[in-house]
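Undergrad: Could you have a look at this structure, given as structure tokens, before my questions?
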Amino acid sequence: MPPLFAFSDLSDPTGLAKRLKQPSDLASQFLYAQLSTTTKQLLAAYDGASQLPALLRADLVADLTGLLESWSPEEGPA
Numbered sequence: 005m006p007p008l009f010a011f012s013d014l015s016d017p018t019g020l021a022k023r024l025k026q027p028s029d030l031a032s033q034f035l036y037a038q039l040s041t042t043t044k045q046l047l048a049a050y051d052g053a054s055q056l057p058a059l060l061r062a063d064l065v066a067d068l069t070g071l072l073e074s075w076s077p078e079e080g081p082a
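Its first residue numbered 5, the sequence shown is counted upward by one per residue in our numbering.
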């Protein structure tokens, strides 16, 4: 499965928002399912053509940030 989103979507989620308005591929559908109810409602109200509303931008970035996981390599057995 391809990545659900790119790090660049955190700084400008406009393209991602347009893709998530009508998620047609499996990765987009899965990502859409992970979004908060508020973000889904804001996406539904977004026309997909105008500038991304500030509230939708902020909520989408917050949801994406919440999906990120930090990790660090662990040393294996010696």
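Just so you know, even glycine gets a beta-carbon here, dropped at the ideal spot from N, CA and C.
(1) Is there contact here, the stretch 74-81 with the stretch 37-57, by at least three beta-carbon pairs under 8 Å?
(2) Considering only residues of the same chain and omitting the five flanking positions on each side of phenylalanine 9, which have a CB-CB separation below 7 Å?
(3) So what's aspartate 16 in DSSP terms, helix, strand or just coil?
(4) If we ignore side chains and look at the alpha-carbon of each, how far apart do aspartate 51 and arginine 23 end up?
(5) Just confirm the distance between the C-beta atoms of leucine 59 and leucine 47, as a whole number of angstroms; I'd bet it's less than 8 Å.
TA: Taking the coordinates as given:
(1) The answer is no - the stretch 37-57 does not touch the stretch 74-81, with fewer than three Cβ pairs under 8 Å.
(2) Sequence index remark: in the sequence shown, residue 9 carries index 5 (1-based). Within the same chain, phenylalanine 9 has close Cβ partners Leu20, Leu35, Leu68.
(3) Counting from one through the sequence shown, the residue named residue 16 turns up at place 12. Coil.
(4) Taking the sequence shown and counting its residues from 1, one reaches residue 51 at position 47. Taking the sequence shown and counting its residues from 1, one reaches residue 23 at position 19. For aspartate 51 and arginine 23, the distance between alpha carbons rounds to 12 Å.
(5) Walking along the sequence shown from the start, residue 59 turns up at place 55. Walking along the sequence shown from the start, residue 47 turns up at place 43. Actually they do not touch by this definition, with Cβ atoms about 11 Å apart.
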